[in-house]
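Colleague: From first to last, the protein sequence lines are chains A and B. The opening position of the first sequence corresponds to residue 1 in my numbering, with each subsequent residue numbered one higher. The opening position of the second sequence corresponds to residue 1001 in my numbering, with each subsequent residue numbered one higher.
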Amino acid sequence: MEIAYVICVGVLTFCGVFLCLRGRTFSVVVGLTMLSYAVNLFLFSSGRLNLEGAAILGMTDNYADPLPQALTLTAIVIGFAMIAFVVILAIRARADLGNDLVDGRDPPDTNKMIKSNEGKS
Amino acid sequence: MTLHLAILPILIPMLGGLLMLLPPFKGPTRYNLRRAASLFLIVAQLISAIVLIKAVIADGAIMYAVGDWQPPFGIILYADLVSSMLVLLTSFLGLGVTLYACAGTDREGKYFHPLIHFQLLGIYGAFLTNDLFNLFVFFEVLLIASYTLIIHGGGKQRTAANVHYVILNLIGSSLFLFALGTLYGVLGTLNIADMAIKISELERSDQLIAQAGGALMLVVFGLKSAMLPLHFWLPQTYAVTNAPSAALFAIMTKVGIYCIFRVYTVIFGDQAGELENVMQPWIWPLAIVTLIAGTIGALASTNLRLLVGNLVIVSVGTLLIAFSIRTPEATAAAFFYLVHSTLISAALFLIADMIGQQRGKALDYLVKARKIKQQALIGVLFFVAAMAVAGLPPFSGFLGKLVVLQAVTLTDERIWVWSLVLISSLMAIIALSRAGSTIFFRSIQGNDNNSGASVSKWQLSGALLLLSASPLLSIFGASVLEYTNNAAQQLHDIDHLIQIMNLNGDVQ
């Protein structure tokens, strides 16, 4: 179980970081969503993974740590609200700036610049 | 009343801000009512902060268990000399900003005043909490308010800057949660005092994980406080947003600095066993590079607000240098400098806005343009603020830099700090005098400028209020320094904190 869990968190984080580094707001928003999923799973696992543990006293002998569950719940709510905000902001940026690039303009074409410099010299 | 004093600065803006969203205060015609309510609320916060600081001075630090759930299980608010001083500073800054915004910035959008109060709520909370997860929650509160304040009034540049700011801070929040999960996984607690106890009892393998968590946390606080190499967002964002918001954001980098002081003094401080001052070797070189980068940025700035943004980075570098010395004296010096630099950089943002308002299309760009309408008035304001921020006597900047320099005791540290801080002050003087002479003296000759709005009494009162802090800080320098000394002693006295939290081993 631990291995599967770790791989899930790792792959989600990897995808999230990769997408956050892209140039267009859509992929960045998806990347942020994946990062927040990864972080929720990670927080949940900080109380150790165990099966059939009760979070309420007096139910069984085997208890799960209830605090990470509360933390994850809070993190989900906050993360969800923030993602909603960034989606709206991305739409606003698309309208204000006329494109969906994070920088608001096309990145400079380095190949072209190198070629024009070579032409000069 | 006195029982719940510690939570009062959080409750007033929260309830007040929510009430200001209701119908009696809504609509484009009721802006006078909104202004009155907002000013009333900020004065109430200022009074509650003064009462709190008096109570803390008289009776010592206050622990407030929310819902009466005792530590280490409940969420704890903790008002000591440091946090109550910063709460007072924030509410004072809030008053200046609200006064200035009443001149018209608040009418560019619908919800300026409630947002200002939510922002203040987050900042007070971050200063007062003693629980790392609670700190995260208050960070999010202040961030979401700042996201909307930056874009307040709209415009292409603000949207572009805001996209960067929001995405960067969302990634920062994710990292914060990763750090919290890591630390909770090994320590089993998020109460700062309890973590300070647990961290020295860790096994070798867990120590490495806790160290990784602490390093992740430093990335987050570094992003908030604009520590190099995480400072690139700051100058542009602060330069394009509206002036009152930019002035209020002067305290936001200081929230990051405060968290660095709190976390790396109490948790990873002198009592942390193997992890003692584990981040100090990282912060020391980064602080120096931050100072250099801010200075170069100040010299290269093309407009006044960009220049002030870079001076904020210089002040962050100075504060981090004072942090990495790790003595109570240096911490005391840092707190004095923190109060001064927050108020003066906020005042400079407001003055830059007033200058931009009277120069037509040239705004606050450092180019030859027409004369400013109220040259004498704004010139005097700028001159005082520039002298204070550059560290010239008789203003507070001189005293602030002096105490930071005096706190450096080791010789090889002294060579670095003295030369760098003094050179950066010189460079700041050059940059500011270049800016001042371009704006005030190199104007297009001929007819006087009568266009552009005069400075309103709201704007003047806001800027004067913040600026008056500088001479006051020098006049009452001795008592303020004595206070910051006591505050620093209290911050470094971790046993005292553990005692107040009732965590002396008899709980567990």
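All C-beta atoms, glycine included, are put in the ideal place defined by N, C-alpha and C.
To which residues of the same chain is B/VAL1166 closer than 7 Å at the C-beta, ignoring the five residues directly before and after it?
Modeller: Here residue 1166 of chain B is taken as the residue at index 166 of the second sequence, counted from 1. Result list for B/VAL1166: TYR1147, in chain order.
Colleague: Does the region 1061-1077 of chain B come close enough to the region 1225-1238 of chain B to have 3 or more Cβ pairs within less than 8 Å?
Modeller: At 8 Å Cβ cutoff, the stretches do not touch.
Colleague: Please list the partners that A/PRO68 has in chain B, where partner means a Cβ-to-Cβ separation under 8 Å.
Modeller: Within the first sequence, the letter at position 68 stands for residue 68 of chain A. Per Cβ cutoff of 8 Å: GLY1181 and TYR1184.
Colleague: Taking B/LEU1299 and B/SER1345 to be in contact with their CB atoms under 8 Å, please state how far apart those CB atoms are, rounded to whole angstroms.
Modeller: For the purposes of this step, residue 1299 of chain B is taken as the residue at position 299 of the second sequence. For the purposes of this step, residue 1345 of chain B is taken as the residue at position 345 of the second sequence. That pair is no contact at about 17 Å.
Colleague: Output, in sequence order along the chain, the residues in the region 1143-1155 of chain B whose CB is closer than 9 Å to any CB in chain A.
Modeller: Within the region 1143-1155 of chain B, the residues whose Cβ lies closer than 9 Å to some Cβ of chain A are LEU1143, ILE1144, TYR1147, THR1148, ILE1151, GLY1154 and GLY1155, listed in chain order.
Colleague: Report the option in B/ALA1469, B/ALA1250 and B/PHE1221 whose CA atom is closest to the CA atom of B/GLY1256.
Modeller: Start at 1 with the first residue of the second sequence, and residue 1256 of chain B comes out as number 256. Selected option, being the one with the closest Cα: B/PHE1221.
Colleague: So, do the region 1323-1338 of chain B and the region 1375-1385 of chain B have three or more beta carbon pairs nearer to each other than 8 Å?
Modeller: At 8 Å Cβ cutoff, the stretches do not touch.
Colleague: Would you mind telling me which residues of chain E sit closer than 7 Å to B/SER1174, beta carbon to beta carbon, in chain order?
Modeller: Structure shown: chain E not included; protein chains present are A and B.
Colleague: Using a Cβ-Cβ cut-off of 8 Å, state whether B/PHE1178 counts as contacting chain A.
Modeller: Locating residue 1178 of chain B in the second sequence gives position 178, where the first residue counts as 1. Closer than 8 Å: yes.
Colleague: Classify B/GLN1357 as buried or exposed, calling it buried when 16 or more other Cβ atoms lie within 10 Å of its own Cβ.
Modeller: Numbered from its first residue, the second sequence carries residue 1357 of chain B at position 357. Counting Cβ neighbours within 10 Å, B/GLN1357 comes out buried, since at least 16 surround it.
Colleague: B/ALA1243 and B/TYR1337: beta carbons closer than 8 Å?
Modeller: Residue numbering aside, residue 1243 of chain B sits at position 243 when the second sequence is read from its first letter. Residue numbering aside, residue 1337 of chain B sits at position 337 when the second sequence is read from its first letter. Cβ distance not < 8 Å, so B/ALA1243 and B/TYR1337 don't count as in contact.
Colleague: Alpha carbon to alpha carbon, how far is B/ILE1151 from B/ARG1158?
Modeller: Position 151 of the second sequence holds residue 1151 of chain B. Position 158 of the second sequence holds residue 1158 of chain B. About 5 Å.
Colleague: According to DSSP, is B/TYR1111 helix, strand or coil?
Modeller: Counting from 1 along the second sequence, the entry for residue 1111 of chain B is found at position 111. Coil, per DSSP.
Colleague: Tell me the rounded alpha-carbon separation between B/ASP1206 and B/TYR1064.
Modeller: Reading the second sequence from its first residue, position 206 is the one you call residue 1206 of chain B. Reading the second sequence from its first residue, position 64 is the one you call residue 1064 of chain B. If I take the Cα positions, the gap works out to 31 Å.
Colleague: With a 10 Å radius around its C-beta and 16 neighbouring C-beta atoms as the bar for buried, classify A/THR110 as buried or exposed.
Modeller: For the purposes of this step, residue 110 of chain A is taken as residue 110 along the first sequence, with counting starting at 1. Looking at its Cβ environment, which holds fewer than 16 other Cβ atoms inside 10 Å, A/THR110 is exposed.
Colleague: Look at the Cβ atom of B/ILE1192, then the Cβ atom of B/ALA1272, and state whether they are nearer than 8 Å.
Modeller: Translated into the one-based positions of the second sequence, residue 1192 of chain B becomes position 192. Translated into the one-based positions of the second sequence, residue 1272 of chain B becomes position 272. The answer is no: Cβ separation not under 8 Å.
Colleague: Looking at chain B, which residues of the region 90-107 of chain A have a Cβ within less than 8 Å of any of its Cβ atoms?
Modeller: Flagged, chain order: ALA90, ARG92, ALA93, ASP96, LEU97, VAL102, ASP103 and GLY104.
Colleague: Indicate whether at least one CB of chain B lies closer than 8 Å to the CB of A/ALA75.
Modeller: Walking along the first sequence from the start, residue 75 of chain A turns up at place 75. At least one chain B Cβ lies under 8 Å of A/ALA75.
Colleague: Put B/THR1327 into one of helix, strand or coil per three-state DSSP.
Modeller: Reading the second sequence from its first residue, position 327 is the one you call residue 1327 of chain B. Three-state result, B/THR1327: coil.
Colleague: Can you find the residues in the same chain that come closer than 7 Å, C-beta to C-beta, to B/VAL1314, ignoring five residues on each side of it along the sequence?
Modeller: Taking the second sequence and counting its residues from 1, one reaches residue 1314 of chain B at position 314. Only LEU1291, GLY1294, THR1295, ALA1298, SER1424 and ALA1428 meet the Cβ criterion.
Colleague: Nearest-angstrom Cα distance between B/GLN1280 and A/MET113?
Modeller: By 1-based counting over the second sequence, the position of residue 1280 of chain B is 280. By 1-based counting over the first sequence, the position of residue 113 of chain A is 113. In a straight line, the C-alpha of B/GLN1280 is about 43 Å away from that of A/MET113.
Colleague: Rounded to the nearest angstrom, what separates A/VAL6 and B/PHE1133 at their Cα positions?
Modeller: Taking the first sequence and counting its residues from 1, the one referred to as residue 6 of chain A is at position 6. Taking the second sequence and counting its residues from 1, the one referred to as residue 1133 of chain B is at position 133. Taking the straight line joining both Cα atoms gives about 23 Å.
Colleague: Beta strand (DSSP E) containing B/ALA1079: first to last residue?
Modeller: Taking the first residue of the second sequence as position 1, residue 1079 of chain B is located at position 79. Element bounds for B/ALA1079: 1076-1079.
Colleague: Using a Cβ-Cβ cut-off of 8 Å, state whether B/PHE1133 counts as contacting chain A.
Modeller: One-based indexing of the second sequence puts residue 1133 of chain B at position 133. Interface residue, yes.
Colleague: The beta strand (DSSP E) spanning B/TYR1064 covers which residue range?
Modeller: Walking along the second sequence from the start, residue 1064 of chain B turns up at place 64. Start and end: 1062-1065.
Colleague: The alpha helix (DSSP H) spanning B/ARG1414 covers which residue range?
Modeller: Against the second sequence, residue 1414 of chain B aligns to sequence position 414. It spans 1411-1440 - the alpha helix (DSSP H) in which B/ARG1414 sits, taken as one unbroken run.
Colleague: Is B/LYS1373 closer than 8 Å to B/SER1443 when the C-beta atoms are compared?
Modeller: Stepping through the second sequence from its first residue, residue 1443 of chain B is reached at position 443. Stepping through the second sequence from its first residue, residue 1373 of chain B is reached at position 373. It is not a contact, given that the beta carbons lie outside the stated cut-off.
Colleague: From what residue to what residue does the alpha helix (DSSP H) around B/ASN1303 run?
Modeller: To locate residue 1303 of chain B, count along the second sequence from 1; it is residue 303. Careful: B/ASN1303 lies outside any alpha helix (DSSP H) and carries neither H nor E.
Colleague: Along the region 44-55 of chain A, what residues have a CB closer than 9 Å to any CB found in chain B?
Modeller: Answer set for the region 44-55 of chain A: PHE44, SER45, SER46, GLY47 and ARG48.
Colleague: Does B/LEU1286 have its Cβ less than 8 Å from a Cβ in chain A?
Modeller: Within the second sequence, the letter at position 286 stands for residue 1286 of chain B. Chain A contact via Cβ: absent.
Colleague: Which residues bound the alpha helix (DSSP H) around B/ILE1151?
Modeller: Within the second sequence, the letter at position 151 stands for residue 1151 of chain B. Here B/ILE1151 belongs to no alpha helix (DSSP H), and DSSP marks it neither H nor E.
Colleague: My output table needs one value for B/ASP1493: the three-state DSSP class, helix, strand or coil.
Modeller: Position 493 of the second sequence, counted from the first residue, corresponds to residue 1493 of chain B. It is coil, neither helix nor strand.
Colleague: Chain A beta carbons: is any one of them nearer than 8 Å to that of B/GLN1508?
Modeller: The residue labelled residue 1508 of chain B in the question sits at position 508 within the second sequence. Its pLDDT being 42, under 50, B/GLN1508 is placed unreliably in this model, and the coordinates cannot settle the point.
Colleague: Where do the N-terminal and C-terminal ends of the alpha helix (DSSP H) with A/GLU52 fall, by residue?
Modeller: On the first sequence, residue 52 of chain A is found 52 positions in, with the first residue counted as 1. Here A/GLU52 belongs to no alpha helix (DSSP H), and DSSP marks it neither H nor E.
Colleague: Can you grab the Cα-Cα spacing for the pair B/ARG1370 / B/LEU1304, in whole Å?
Modeller: Residue numbering aside, residue 1370 of chain B sits at position 370 when the second sequence is read from its first letter. Residue numbering aside, residue 1304 of chain B sits at position 304 when the second sequence is read from its first letter. Spanning the two alpha carbons is a distance of roughly 16 Å.
Colleague: From B/ILE1047 to B/PHE1092, what does the alpha carbon distance come to, in whole angstroms?
Modeller: Here the question's residue 1047 of chain B lines up with position 47 in the second sequence. Here the question's residue 1092 of chain B lines up with position 92 in the second sequence. Cα to Cα, B/ILE1047 sits roughly 10 Å from B/PHE1092.
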